[in-house]
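Undergrad: Provided herewith is a single structure, encoded as structure tokens, for subsequent inquiry.
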Amino acid sequence: MPDIEKLERIAAQKDAQAYRALFEKFGPIVKAFMMRQGVDAATAEELAQETMLSVWRKAALYSEDKGSVATWIFAIARNLRIDYLRREKTWVELPDNYAQEASSDTSPDEAVSGEQQRSIIRRALDELPEEQRQVVILSFIEGLPHREIANRLNLPVGTVKSRIRLAYLKLRSAVGEPDQ
Amino acid sequence: MTIKRHPNPENLMSCAAGSMPEALAAVMACHMTICPRCRKELAFLDSVGAALLEDISPTPLVMKMPSPNVPARQPKSIAENSIKSDVPAPLRKFVGNRLADINWKRVTPGIWQFPIPLAKHSNSSLKLIKVGAGLKLPDHGHSGLELTLVLQGAFSDEFGSYEVGDVVEMGEDVAHAPVAAEETGCICLIASEGPMRFHGLLARIVQKFTGF
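Encoded structure:
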């Protein structure tokens, strides 16, 4: 059963089996992600449980416009982590209708399904030069600001930024050019 | 409204990664509420984040079954966005719904500001600034990245002119002398990674008052 169907079942009938399947697929990864972000194991556990609880509660709010189920869960986990680490929830969480509105713009990307986009991005990530892939991982997975990435790698901040920019341009052009 | 100047890719990426200093993240969030193009970029970058998660080796996590009584979350009110307001939604709880009603603090004749409180360890600062029509700010540099979002009116500097919705990035080694538009003046949201550095004597006096 695809992830989307599992979410629909959770939304429609609080399907415990569908939830278990999503939990087993994403929960342990979200917990590991939280630990990579520098959160202690107990808090990582708590944040992962909270992420999955949000999946349960918000299942009906998901729509394919928001990207794949994995993308949606990533965004929930990231927002909870920011909320926990910096207590700055106000800035991150956009009202629920934004993503839908955003994707109502005409765009060539829309012809690409969530699953296709996922494999395109995977391939593009695998093809990045190591030095670019490294800064993207430090940004997304370790949650480091540009300045801290620079310190960690002993590089000027400008170099970190230009590597991230190059990585972005490659990833972005893999799924279609951005609007101007 | 056509927005001409968007945040740079590296800032979109750290915004999606949730790894930006708080003040910069606030400017990005406000820009997102008025820029469909960047919302779409952010959605794309979220899918990059999701793809990266696939490479993480999982850590055991015992499933807790949520009680069936846990209420489903209701969609956030769309009304919140349809309120007639010239203040981006994320700022409203600090300043209210109208730029004109903000409790501006005068810095010098023609310049007002309103600081927005952030978490103590944010390593960044955030403020609204209002500059009277045609007024020129002193030439100044920046000790870190500065992101400016134009909320009302327009301004220009050596590098270009900026209108409502535009995001202007000033890097560490860049100095500029912005001038508010003749007709309208300008209201901006400014995030800085570190304190701004003014050149010149008058500038230092201004700095004393503004803390820039």
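For the protein sequence lines, the chains are A and B, in the order given.
For what it's worth, my numbering labels the leading residue of the first sequence as 1, then goes sequentially.
For what it's worth, my numbering labels the leading residue of the second sequence as 1001, then goes sequentially.
Beta carbons are placed, not taken as given, at the ideal position from N, Cα and C, and that holds for glycine.
On a predicted model such as this, the values are computed, not experimentally measured, just so you know.
Ignore the nearest five residues each way along the sequence and tell me which others in B/Cys-1015's own chain have a CB closer than 7 angstroms to its CB.
TA: Result list for B/Cys-1015: Ala-1025, Met-1028 and Leu-1042, in chain order.
Undergrad: For my contact list, B/Gly-1185 and B/Gly-1132 are in at a C-beta cut-off of 8 angstroms; report their separation, rounded to the angstrom.
TA: Sure, about 5 angstroms apart at Cβ, within 8 angstroms.
Undergrad: Would DSSP call A/Val-160 helix, strand or coil?
TA: Reduced to three states, the DSSP call for A/Val-160 is helix.
Undergrad: Using a cut-off of 8 angstroms between C-beta atoms, extract the partners of A/Lys-170 located in chain B.
TA: Under the 8 angstroms cutoff, chain B gives no residues; its nearest Cβ is about 11 angstroms from A/Lys-170.
Undergrad: Taking the alpha carbon of A/Arg-165 as the point to measure from, which residue in B/Ile-1003, B/Asn-1011 and B/Thr-1002 has its own alpha carbon closest?
TA: If we check each option's Cα against that of A/Arg-165, B/Asn-1011 comes out closest.
Undergrad: Quick test of your reading: A/Glu-131 and A/Gln-37, contact by CB under 8 angstroms. State the CB separation rounded to the nearest angstrom.
TA: So it is not a contact: roughly 22 angstroms between Cβ atoms.
Undergrad: What's the gap between the Cα of B/Gln-1074 and the Cα of A/Leu-53?
TA: B/Gln-1074 and A/Leu-53: Cα-Cα distance of roughly 14 angstroms.
Undergrad: Are the C-beta atoms of A/Gln-116 and some chain B residue less than 8 angstroms apart?
TA: No, A/Gln-116 does not count as interfacial toward chain B.
Undergrad: Give the DSSP-derived three-state secondary structure of A/Thr-106 in the structure shown.
TA: Any reading at A/Thr-106 must be qualified, since the residue scores a pLDDT of 39, below 50, and its modelled position is unreliable; no value is offered.
Undergrad: Could you give the DSSP three-state label for B/Gly-1049: helix, strand or coil?
TA: In this structure, B/Gly-1049 counts as helix in the three-state DSSP scheme.
Undergrad: Identify the contact partners of A/Glu-45 in chain B, using a Cβ-Cβ distance below 7 angstroms as the criterion.
TA: The answer, in chain order, is Leu-1061.
Undergrad: On a CA-only basis, which of A/Arg-57, A/Glu-46, A/Ala-70 and A/Leu-61 is nearest B/Val-1062? Give me that one, please.
TA: The shortest C-alpha separation from B/Val-1062 is found at A/Glu-46.
Undergrad: For A/Tyr-98, count the other beta carbons within 10 Å of its own beta carbon; 16 or more makes it buried, fewer makes it exposed. Which is it?
TA: Note that A/Tyr-98 has pLDDT 44, beneath the 50 cutoff, so the model's placement of it is unreliable and the number below is only indicative. The residue is buried, with at least 16 neighbouring Cβ atoms inside 10 Å.
Undergrad: Determine, for A/Met-35, whether the minimum Cβ-Cβ distance to residues of chain B falls below 8 angstroms.
TA: Output row for A/Met-35: interface = yes.
Undergrad: Hey, is A/Val-175's beta-carbon within less than 8 angstroms of any beta-carbon in chain B?
TA: Interface residue, yes.
Undergrad: Once you ignore the five residues that flank A/Pro-95 on each side, which residues in its own chain have a CB closer than 6 angstroms to its CB?
TA: Model confidence at A/Pro-95 stands at a pLDDT of 43, short of 50, so the residue's coordinates are unreliable; what they give is reported in the following sentence. Counting only Cβ-Cβ distances below 6 angstroms, and skipping sequence neighbours, we find nothing.
Undergrad: Name the residues in the stretch 1118-1141 of chain B whose C-beta lies less than 9 angstroms from a C-beta of chain A; which are they?
TA: Listed in sequence order: Leu-1118, Ala-1119, His-1121, Ser-1122 and Asn-1123.
Undergrad: Quick one: what does DSSP say A/Ser-139 is sitting in, helix, strand or coil?
TA: A/Ser-139 falls in the helix class under three-state DSSP.
Undergrad: Could you tell me which chain B residues have their CB closer than 9 angstroms to the CB of A/Arg-122, listed as they occur along the chain?
TA: Neighbours of A/Arg-122 on chain B, chain order: Ala-1051 and Glu-1054.
Undergrad: List the residues that DSSP assigns as beta-bridge partners of B/Val-1131.
TA: B/Val-1131 is bridged to B/Ile-1111 and B/Cys-1186.
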